[in-house]
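Asks: Mapping of the sequence shown onto numbering that gives the first Met the number 0: residues 0 to 170, in sequence order. Ideal Cβ placement from N, Cα and C applies to all residues, glycine included. Encoded as structure tokens, here's the structure I'll be asking about.
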Amino acid sequence: MDYRYWVRYALWRTNTPPLVTISKILWILINGWTLFLLYLFAAFGLILTLIGIPFIPEILKVAVFSFNPIGKRMARNLVPTSVFNNPDSSLVKIMNIIWVILFGWEFFLFQLGLAIIQFITIIGIGNGIRQWQIAKATLLPFGKVIENEPPPVKPVKPSAAPAEVAPAQYV
């Protein structure tokens, strides 16, 4: 049987409500509140600078996402309401470039370091995947929104391979 079925089955099985609730509680207790406070302190530091004020909504968005990333993802904004959250506008692209140069690379490397530490431990691989999601979110946060991930679909077990048919005898 194909191993991909078992991977999809494990992902579907661990997405049941009791396990998701336990995962969310553990994430918030272990990682979520510390990351939220760190990004909140960074937002307060940006308030003190004149150039950092336009970046405060984005760092707060990352703080909220890092508090509880289970079942959520940062995705491209498909329904922009203004030029500030339209991922195709030049203003958003310029702000993303400024963000990466000034702040984004530091947040990205911090989250990447946390992800690597989590990946080293076998039990922390799930948290490492979430840290990687947060790292990607901190790199280019403009033009993105937090949305719920669709739940995984129960995989269908593949049927056994059909028996080979003997070649027909031609007369």
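Per the DSSP calculation, M73 is bridged to which residue(s)?
Replies: I145
Asks: What separation, rounded to the nearest whole angstrom, lies between the Cα atoms of G70 and P53?
Replies: 28 Å
Asks: Answer with buried or exposed for T137, where buried requires no fewer than 16 other C-beta atoms within 10 angstroms of its C-beta.
Replies: buried
Asks: Do you know how far the Cα of T20 is from the Cα of L39?
Replies: 25 Å
Asks: Here's the rule I'm using: 16 or more other beta-carbon atoms within 10 Å means buried, otherwise exposed. How should K143 be labelled?
Replies: buried
Asks: Any chance the CB of L90 is under 7 Å from a heavy atom of the ligand HEM?
Replies: Judged by which ligands are present, the structure shown has none, so any question about the ligand HEM falls away.
Asks: F118 to Q130, Cα distance in whole Å?
Replies: 10 Å
Asks: Please look up how many angstroms separate the CB atoms of P154 and R7, rounded, as I've assumed it's under 8 Å.
Replies: At roughly 4 Å, the Cβ-Cβ gap stays under 8 Å, so P154 and R7 are in contact.
Asks: Three-state secondary structure (DSSP) at L251?
Replies: Here the chain has residues from 0 to 170 only, and residue 251 is not among them.
Asks: Applying the 10 Å Cβ sphere with the 16-neighbour rule, what's the burial state of P140?
Replies: buried
Asks: Assuming F66 contacts G112 under a Cβ cut-off of 8 Å, what Cβ separation, rounded to an integer in Å, is found between them?
Replies: No, F66 and G112 are not in contact; Cβ-Cβ is about 19 Å, not under 8 Å.
Asks: Does DSSP put N126 in a helix, in a strand, or in coil?
Replies: helix
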